[in-house]
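K.L.:
All the letters of the sequence shown, read from the start, carry residue numbers 4 to 309 under our numbering.
We put the beta carbon where it would ideally sit given N, CA and C, even for glycine.
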Amino acid sequence: MTIEKVCVLGAPADQGQPLVAELLGAGFAVTAGVRRDDAMKDAPWPDLPTVHADITDADAMAQSFAGQDAAAFHLPFEFDREKAAHFGRSIAEGAKRAGLKKIVFNTACYVADHDLDLSAHDGRRDIERALEETGIPCVFIEPTVFMDNQYRIWTRPLIMRDGIFAYPAKPDLLINWVCLEDVAQAMRRALQTDAADGKHVPLGGPEALTGDQVAANLTEAIGKPVRFQSLAPEEFAARMSELVTGSREVQPLSIYDGMAKFYAFYNSQPVSPLLVDPQDARDLLGMEHTSHLDWAKSKDWMEGLG
(Lines of atoms letter the chains of each structure in order from A and count residues from 1; the text may use other names and numbers.)
(Lines give C-alpha, C1' and ligand atoms only; values in the text may rest on other atoms or scores of the structure.)
Protein backbone atom coordinates (compact mmCIF):
# COMPACT_ATOMS: atom_id res chain seq x y z
CA MET A 1 0.00 0.00 0.00
CA THR A 2 1.47 3.33 -1.05
CA ILE A 3 0.63 6.37 1.04
CA GLU A 4 1.33 9.75 -0.55
CA LYS A 5 -1.29 12.24 0.65
CA VAL A 6 -1.64 12.70 4.41
CA CYS A 7 -4.03 14.86 6.39
CA VAL A 8 -2.42 15.97 9.66
CA LEU A 9 -4.80 17.07 12.41
CA GLY A 10 -3.28 19.41 14.97
CA ALA A 11 -0.60 20.50 12.50
CA PRO A 12 0.05 23.94 14.08
CA ALA A 13 0.54 22.49 17.57
CA ASP A 14 3.81 21.53 19.22
CA GLN A 15 3.29 17.85 18.45
CA GLY A 16 1.95 18.56 14.98
CA GLN A 17 4.81 20.71 13.73
CA PRO A 18 7.53 18.03 14.07
CA LEU A 19 5.20 15.61 12.28
CA VAL A 20 4.61 18.01 9.39
CA ALA A 21 8.36 18.61 9.09
CA GLU A 22 9.06 14.87 9.14
CA LEU A 23 6.44 14.09 6.49
CA LEU A 24 7.43 16.93 4.18
CA GLY A 25 11.06 15.89 4.49
CA ALA A 26 10.12 12.38 3.38
CA GLY A 27 8.22 13.64 0.33
CA PHE A 28 4.63 13.25 1.51
CA ALA A 29 1.96 15.67 0.30
CA VAL A 30 0.67 17.12 3.56
CA THR A 31 -2.63 18.87 4.18
CA ALA A 32 -3.27 20.43 7.58
CA GLY A 33 -6.67 19.70 9.07
CA VAL A 34 -7.48 22.83 11.08
CA ARG A 35 -10.46 24.58 12.66
CA ARG A 36 -9.38 28.13 11.75
CA ASP A 37 -8.48 29.35 8.28
CA ASP A 38 -5.41 31.19 9.59
CA ALA A 39 -4.22 28.40 11.89
CA MET A 40 -0.94 27.90 10.02
CA LYS A 41 0.02 31.55 9.66
CA ASP A 42 2.62 31.42 12.44
CA ALA A 43 3.91 27.96 11.56
CA PRO A 44 7.07 27.40 9.48
CA TRP A 45 4.82 26.57 6.51
CA PRO A 46 2.19 29.33 6.34
CA ASP A 47 1.28 28.29 2.79
CA LEU A 48 0.73 24.62 3.61
CA PRO A 49 -2.59 23.45 2.15
CA THR A 50 -5.33 23.40 4.76
CA VAL A 51 -8.79 21.94 5.07
CA HIS A 52 -11.45 22.61 7.68
CA ALA A 53 -11.53 19.85 10.29
CA ASP A 54 -13.87 19.69 13.26
CA ILE A 55 -13.26 16.56 15.34
CA THR A 56 -16.74 16.82 16.86
CA ASP A 57 -18.46 16.56 13.46
CA ALA A 58 -18.35 13.39 11.34
CA ASP A 59 -19.55 15.24 8.22
CA ALA A 60 -16.75 17.78 8.55
CA MET A 61 -14.20 15.01 9.05
CA ALA A 62 -15.41 13.15 5.97
CA GLN A 63 -14.94 16.32 3.94
CA SER A 64 -11.51 17.01 5.42
CA PHE A 65 -10.30 13.48 4.65
CA ALA A 66 -11.73 13.42 1.11
CA GLY A 67 -8.99 12.71 -1.44
CA GLN A 68 -6.42 11.81 1.21
CA ASP A 69 -4.64 8.48 1.54
CA ALA A 70 -4.11 8.62 5.29
CA ALA A 71 -4.63 10.62 8.45
CA ALA A 72 -1.90 11.13 11.04
CA PHE A 73 -2.63 13.03 14.21
CA HIS A 74 -2.64 13.58 17.94
CA LEU A 75 -5.66 14.92 19.80
CA PRO A 76 -6.07 17.31 22.73
CA PHE A 77 -6.42 15.65 26.11
CA GLU A 78 -10.07 15.50 27.07
CA PHE A 79 -10.91 14.72 30.67
CA ASP A 80 -14.59 14.12 29.96
CA ARG A 81 -14.48 10.54 28.71
CA GLU A 82 -17.67 10.76 26.67
CA LYS A 83 -16.38 13.81 24.83
CA ALA A 84 -13.16 11.95 24.02
CA ALA A 85 -15.15 8.98 22.75
CA HIS A 86 -17.19 11.36 20.59
CA PHE A 87 -13.97 12.69 19.04
CA GLY A 88 -13.03 9.14 18.16
CA ARG A 89 -16.41 8.29 16.66
CA SER A 90 -16.48 11.48 14.55
CA ILE A 91 -12.99 10.90 13.17
CA ALA A 92 -13.68 7.22 12.57
CA GLU A 93 -16.91 7.87 10.70
CA GLY A 94 -15.26 10.55 8.59
CA ALA A 95 -12.35 8.26 7.78
CA LYS A 96 -14.69 5.46 6.70
CA ARG A 97 -16.73 7.71 4.46
CA ALA A 98 -13.61 9.17 2.86
CA GLY A 99 -12.10 5.74 2.23
CA LEU A 100 -8.79 6.37 3.99
CA LYS A 101 -6.16 3.68 3.54
CA LYS A 102 -4.46 4.15 6.90
CA ILE A 103 -4.76 5.95 10.23
CA VAL A 104 -1.79 6.73 12.49
CA PHE A 105 -2.78 8.04 15.91
CA ASN A 106 -0.29 9.44 18.42
CA THR A 107 -1.98 8.93 21.78
CA ALA A 108 0.49 11.38 23.42
CA CYS A 109 0.60 9.23 26.54
CA TYR A 110 1.03 5.74 27.92
CA VAL A 111 -1.99 3.55 27.20
CA ALA A 112 -2.63 0.34 29.12
CA ASP A 113 -4.48 -2.67 27.72
CA HIS A 114 -7.33 -2.04 30.17
CA ASP A 115 -9.17 0.90 31.68
CA LEU A 116 -7.51 2.59 34.64
CA ASP A 117 -10.43 4.68 35.90
CA LEU A 118 -8.52 7.74 34.66
CA SER A 119 -10.82 9.63 32.31
CA ALA A 120 -8.14 10.99 29.97
CA HIS A 121 -6.45 7.61 29.66
CA ASP A 122 -9.67 5.65 29.28
CA GLY A 123 -10.89 8.15 26.69
CA ARG A 124 -7.75 7.39 24.68
CA ARG A 125 -8.74 3.73 24.69
CA ASP A 126 -12.22 4.68 23.46
CA ILE A 127 -10.69 6.65 20.59
CA GLU A 128 -8.44 3.74 19.65
CA ARG A 129 -11.41 1.37 19.74
CA ALA A 130 -13.51 3.60 17.47
CA LEU A 131 -10.69 3.86 14.96
CA GLU A 132 -10.05 0.10 15.02
CA GLU A 133 -13.72 -0.60 14.36
CA THR A 134 -13.52 1.21 11.00
CA GLY A 135 -11.59 -1.73 9.55
CA ILE A 136 -9.03 0.74 8.21
CA PRO A 137 -5.44 -0.29 9.02
CA CYS A 138 -4.51 1.64 12.16
CA VAL A 139 -1.22 2.19 13.95
CA PHE A 140 -1.29 3.52 17.50
CA ILE A 141 1.92 5.22 18.57
CA GLU A 142 1.84 5.33 22.37
CA PRO A 143 4.63 7.55 23.76
CA THR A 144 5.80 7.43 27.36
CA VAL A 145 6.67 10.96 28.50
CA PHE A 146 8.03 13.71 26.28
CA MET A 147 11.55 15.02 26.82
CA ASP A 148 10.06 18.30 25.64
CA ASN A 149 8.17 18.59 28.94
CA GLN A 150 11.53 19.60 30.41
CA TYR A 151 11.60 22.57 28.02
CA ARG A 152 8.12 23.86 28.80
CA ILE A 153 7.32 27.17 30.43
CA TRP A 154 6.41 25.26 33.58
CA THR A 155 9.84 23.59 33.90
CA ARG A 156 12.54 25.46 31.98
CA PRO A 157 12.52 28.81 33.85
CA LEU A 158 13.12 27.05 37.18
CA ILE A 159 15.89 24.97 35.62
CA MET A 160 17.64 28.05 34.28
CA ARG A 161 16.98 30.37 37.25
CA ASP A 162 17.51 28.05 40.21
CA GLY A 163 19.07 24.92 38.71
CA ILE A 164 16.07 22.81 39.72
CA PHE A 165 14.31 20.27 37.52
CA ALA A 166 11.00 19.87 39.34
CA TYR A 167 8.75 17.05 38.14
CA PRO A 168 5.98 14.87 39.61
CA ALA A 169 7.96 11.63 39.41
CA LYS A 170 9.03 9.76 42.51
CA PRO A 171 12.83 9.61 42.86
CA ASP A 172 13.18 6.04 41.60
CA LEU A 173 10.58 6.21 38.80
CA LEU A 174 12.29 5.07 35.61
CA ILE A 175 11.09 6.70 32.39
CA ASN A 176 12.14 6.07 28.80
CA TRP A 177 11.70 9.75 27.88
CA VAL A 178 11.07 10.33 24.16
CA CYS A 179 11.40 13.52 22.12
CA LEU A 180 8.68 14.85 19.83
CA GLU A 181 10.90 14.45 16.78
CA ASP A 182 11.15 10.72 17.47
CA VAL A 183 7.38 10.47 17.81
CA ALA A 184 7.10 12.14 14.41
CA GLN A 185 9.70 9.74 13.03
CA ALA A 186 7.71 6.75 14.28
CA MET A 187 4.52 8.09 12.71
CA ARG A 188 6.27 8.68 9.39
CA ARG A 189 7.74 5.19 9.42
CA ALA A 190 4.31 3.73 10.24
CA LEU A 191 2.99 5.35 7.05
CA GLN A 192 5.80 3.79 5.02
CA THR A 193 5.35 0.18 6.08
CA ASP A 194 2.54 -2.30 6.65
CA ALA A 195 4.52 -4.02 9.41
CA ALA A 196 2.89 -2.01 12.20
CA ASP A 197 -0.67 -2.09 10.88
CA GLY A 198 -3.09 -3.09 13.61
CA LYS A 199 -0.48 -2.67 16.31
CA HIS A 200 -0.15 -0.63 19.47
CA VAL A 201 3.43 0.65 19.56
CA PRO A 202 4.71 1.81 22.96
CA LEU A 203 7.38 4.38 22.19
CA GLY A 204 10.16 5.56 24.45
CA GLY A 205 13.69 6.78 24.13
CA PRO A 206 16.82 4.61 24.14
CA GLU A 207 17.44 4.74 27.90
CA ALA A 208 15.41 4.61 31.10
CA LEU A 209 16.28 7.47 33.44
CA THR A 210 15.46 8.53 36.97
CA GLY A 211 14.97 12.19 37.78
CA ASP A 212 18.54 12.45 39.09
CA GLN A 213 19.88 11.02 35.82
CA VAL A 214 17.82 13.52 33.82
CA ALA A 215 19.24 16.32 35.96
CA ALA A 216 22.78 15.05 35.35
CA ASN A 217 22.22 15.17 31.59
CA LEU A 218 20.75 18.66 31.86
CA THR A 219 23.79 19.74 33.87
CA GLU A 220 26.10 18.56 31.10
CA ALA A 221 23.99 20.01 28.28
CA ILE A 222 23.34 23.41 29.86
CA GLY A 223 26.72 23.85 31.51
CA LYS A 224 25.39 24.68 34.98
CA PRO A 225 24.43 22.47 37.92
CA VAL A 226 20.87 21.11 37.83
CA ARG A 227 19.33 18.96 40.56
CA PHE A 228 16.10 17.00 40.54
CA GLN A 229 13.21 17.92 42.84
CA SER A 230 10.53 15.26 43.13
CA LEU A 231 7.14 16.93 43.45
CA ALA A 232 3.94 15.37 44.72
CA PRO A 233 1.59 15.22 41.72
CA GLU A 234 -0.90 17.46 43.54
CA GLU A 235 1.76 20.13 44.12
CA PHE A 236 2.84 19.95 40.49
CA ALA A 237 -0.77 20.43 39.38
CA ALA A 238 -1.22 23.40 41.73
CA ARG A 239 1.93 25.04 40.39
CA MET A 240 0.82 24.56 36.79
CA SER A 241 -2.62 25.95 37.57
CA GLU A 242 -1.10 28.98 39.29
CA LEU A 243 1.22 29.64 36.36
CA VAL A 244 -1.59 29.61 33.81
CA THR A 245 -4.66 30.76 35.76
CA GLY A 246 -3.17 32.66 38.69
CA SER A 247 -4.78 30.28 41.16
CA ARG A 248 -3.38 27.16 42.82
CA GLU A 249 -6.89 25.73 43.01
CA VAL A 250 -7.00 22.75 40.66
CA GLN A 251 -10.37 22.45 38.97
CA PRO A 252 -11.87 18.98 38.44
CA LEU A 253 -11.49 17.71 34.87
CA SER A 254 -8.82 20.33 34.15
CA ILE A 255 -5.57 19.35 32.45
CA TYR A 256 -3.80 19.99 35.76
CA ASP A 257 -6.10 17.61 37.61
CA GLY A 258 -5.65 15.06 34.85
CA MET A 259 -1.86 15.24 34.91
CA ALA A 260 -1.81 14.83 38.68
CA LYS A 261 -3.89 11.68 38.39
CA PHE A 262 -1.66 10.28 35.63
CA TYR A 263 1.50 10.74 37.69
CA ALA A 264 -0.11 9.50 40.89
CA PHE A 265 -0.85 6.30 38.98
CA TYR A 266 2.66 6.04 37.52
CA ASN A 267 4.25 6.60 40.93
CA SER A 268 2.06 4.00 42.64
CA GLN A 269 2.92 1.08 40.38
CA PRO A 270 5.44 -1.56 41.53
CA VAL A 271 7.06 -1.49 38.08
CA SER A 272 7.17 1.75 36.11
CA PRO A 273 4.59 1.75 33.29
CA LEU A 274 6.90 4.21 31.51
CA LEU A 275 9.59 1.62 30.77
CA VAL A 276 9.80 0.66 27.10
CA ASP A 277 12.23 -1.67 25.34
CA PRO A 278 13.47 0.52 22.45
CA GLN A 279 14.45 -2.55 20.47
CA ASP A 280 10.79 -3.32 19.80
CA ALA A 281 10.32 -0.08 17.82
CA ARG A 282 13.66 -0.60 16.09
CA ASP A 283 12.59 -4.05 14.95
CA LEU A 284 9.09 -3.01 13.94
CA LEU A 285 9.69 0.43 12.42
CA GLY A 286 13.45 0.78 12.02
CA MET A 287 13.47 3.59 14.59
CA GLU A 288 16.62 5.62 15.13
CA HIS A 289 16.23 6.94 18.66
CA THR A 290 17.52 10.22 20.06
CA SER A 291 19.25 10.01 23.43
CA HIS A 292 18.19 12.37 26.19
CA LEU A 293 21.62 13.99 26.34
CA ASP A 294 21.72 14.60 22.58
CA TRP A 295 18.23 16.09 22.71
CA ALA A 296 19.17 18.35 25.62
CA LYS A 297 22.33 19.52 23.84
CA SER A 298 20.26 20.44 20.76
CA LYS A 299 18.19 23.02 22.68
CA ASP A 300 18.81 26.70 23.34
CA TRP A 301 17.88 26.70 27.01
CA MET A 302 17.88 30.49 27.29
CA GLU A 303 15.61 31.10 24.30
CA GLY A 304 12.81 33.47 25.24
CA LEU A 305 13.88 33.79 28.86
CA GLY A 306 15.73 37.08 28.50
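Could you compute how far the alpha carbon of Gln66 sits from the alpha carbon of Glu252?
P.N.:
C-alpha separation (whole angstroms): 41 Å.
K.L.:
Does DSSP classify Gln66 as helix, strand or coil?
P.N.:
Reduced to three states, the DSSP call for Gln66 is helix.
K.L.:
For His89, report the span of its alpha helix (DSSP H) as first-last.
P.N.:
84-101 is the extent of the alpha helix (DSSP H) around His89.
K.L.:
Scan the segment 162-239 and note each continuous beta strand (DSSP E) run of 3 residues or more that stays entirely inside, going in chain order.
P.N.:
Listed in chain order, the complete beta strand (DSSP E) runs (minimum 3 residues) inside the segment 162-239 are 167-170, 202-206, 230-233.
K.L.:
Counting along the chain, where does the alpha helix (DSSP H) carrying Glu306 start and finish?
P.N.:
That residue, Glu306, is in no alpha helix (DSSP H); it is neither H nor E in DSSP.
K.L.:
For a test of the three-state rule: what should DSSP assign to His55, helix, strand or coil?
P.N.:
Residue state, collapsed to three classes: strand.
K.L.:
Tell me which residues share the same chain as Tyr154 and place their Cβ nearer than 7 Å to its Cβ, disregarding the 5 neighbours each side in the sequence.
P.N.:
Closer than 7 Å at the Cβ level, and outside the excluded window around Tyr154, lie Lys302.
K.L.:
In chain order, what residues of the same chain have a beta carbon less than 7 Å from the beta carbon of Ser93, not counting five sequence neighbours either side?
P.N.:
Once the five neighbours on either side are set aside, the close Cβ partners of Ser93 are Ile58, Thr59, Asp60, Ala61, Met64.
K.L.:
May I have the straight-line CA-CA distance separating Glu96 from Gly102, to the nearest angstrom?
P.N.:
About 10 Å.
K.L.:
Would you mind sorting Ile156 into buried or exposed? The rule is 16 or more other CB atoms within 10 Å of its CB.
P.N.:
Burial call: exposed.
K.L.:
Three or more C-beta pairs closer than 8 Å, one from the segment 17-27 and one from the segment 189-200: is that the case here?
P.N.:
They touch, by the three-pair rule.
K.L.:
On the premise that Val217 lies in contact with Phe239, defined as a C-beta separation below 8 Å, what is that separation, rounded to the nearest angstrom?
P.N.:
That pair is no contact at about 15 Å.
K.L.:
Going by the CB atoms, is the gap between Val229 and Ile144 shorter than 7 Å?
P.N.:
Not in contact: Ile144 and Val229 (Cβ atoms no closer than 7 Å).
K.L.:
Count the other CB atoms, across all protein chains shown, that sit within 10 Å of the CB of Asp83; report buried if there are 16 or more and exposed otherwise.
P.N.:
By the 10 Å Cβ count, Asp83 comes out exposed.
K.L.:
From the DSSP output, in three-state form, read off Ile130 for me.
P.N.:
Three-state result, Ile130: helix.
K.L.:
For Met262, count neighbouring C-beta atoms within 10 Å of its own C-beta (all shown protein chains included) and say buried if the count is 16 or more, exposed if not.
P.N.:
Classification of Met262: buried, given that the 10 Å Cβ count is 16 or more.
K.L.:
Could you tell me the alpha carbon to alpha carbon distance between Gly226 and Met305, rounded to whole angstroms?
P.N.:
C-alpha separation (whole angstroms): 12 Å.
K.L.:
Could you check what DSSP says for Pro160 in three-state terms: helix, strand or coil?
P.N.:
Residue state, collapsed to three classes: helix.
K.L.:
Give every residue of the same chain whose Cβ lies closer than 7 Å to the Cβ of Gly289, excluding the five residues on either side of it in the sequence, and list them in chain order.
P.N.:
These residues qualify, in order along the chain: Arg192.
K.L.:
Could you round the C-beta distance between Pro276 and Tyr113 to whole angstroms and report it? I think they count as a contact, below 8 Å.
P.N.:
About 5 Å; that satisfies the 8 Å criterion.
K.L.:
Can you tell me whether DSSP reads Pro273 as helix, strand or coil?
P.N.:
Coil.
K.L.:
Shortest alpha-carbon distance to Asp297 belongs to which of Thr222, Ala241, Gly309?
P.N.:
Comparing Cα positions, the closest option is Thr222.
K.L.:
Please list the terminal residues of the continuous alpha helix (DSSP H) segment that includes Glu25.
P.N.:
Counting along the chain, the alpha helix (DSSP H) containing Glu25 begins and ends at 19-28.
K.L.:
Taking the DSSP output, what are the residues bridged to Glu145?
P.N.:
Note: Glu145 sits in a beta bridge opposite Pro205.
K.L.:
For the beta strand (DSSP E) that contains Leu12, what are its first and last residues?
P.N.:
Segment 8-12, the beta strand (DSSP E) holding Leu12.
K.L.:
Skipping 5 residues on each side, what residues in its chain have a beta carbon closer than 7 Å to that of Asn220?
P.N.:
Around Asn220: His295, Leu296, Ala299.
K.L.:
Name the residue from Pro21, Ala69, Ala32, His55 whose alpha carbon lies nearest to the alpha carbon of Ala46.
P.N.:
When each option's Cα is compared against that of Ala46, the closest is Pro21.
K.L.:
Check Phe268 in the structure and name its three-state DSSP category.
P.N.:
Looking at Phe268 - three-state DSSP - the assignment turns out to be helix.
K.L.:
Under the DSSP definition of a beta bridge, which residues are partnered with Val247?
P.N.:
Partner(s): none; Val247 has no beta bridge.
K.L.:
From this set, Ile258, Ile162, Thr213, which residue's C-alpha is nearest Leu278's C-alpha?
P.N.:
With distances taken between Cα atoms, Leu278 lies closest to Thr213.
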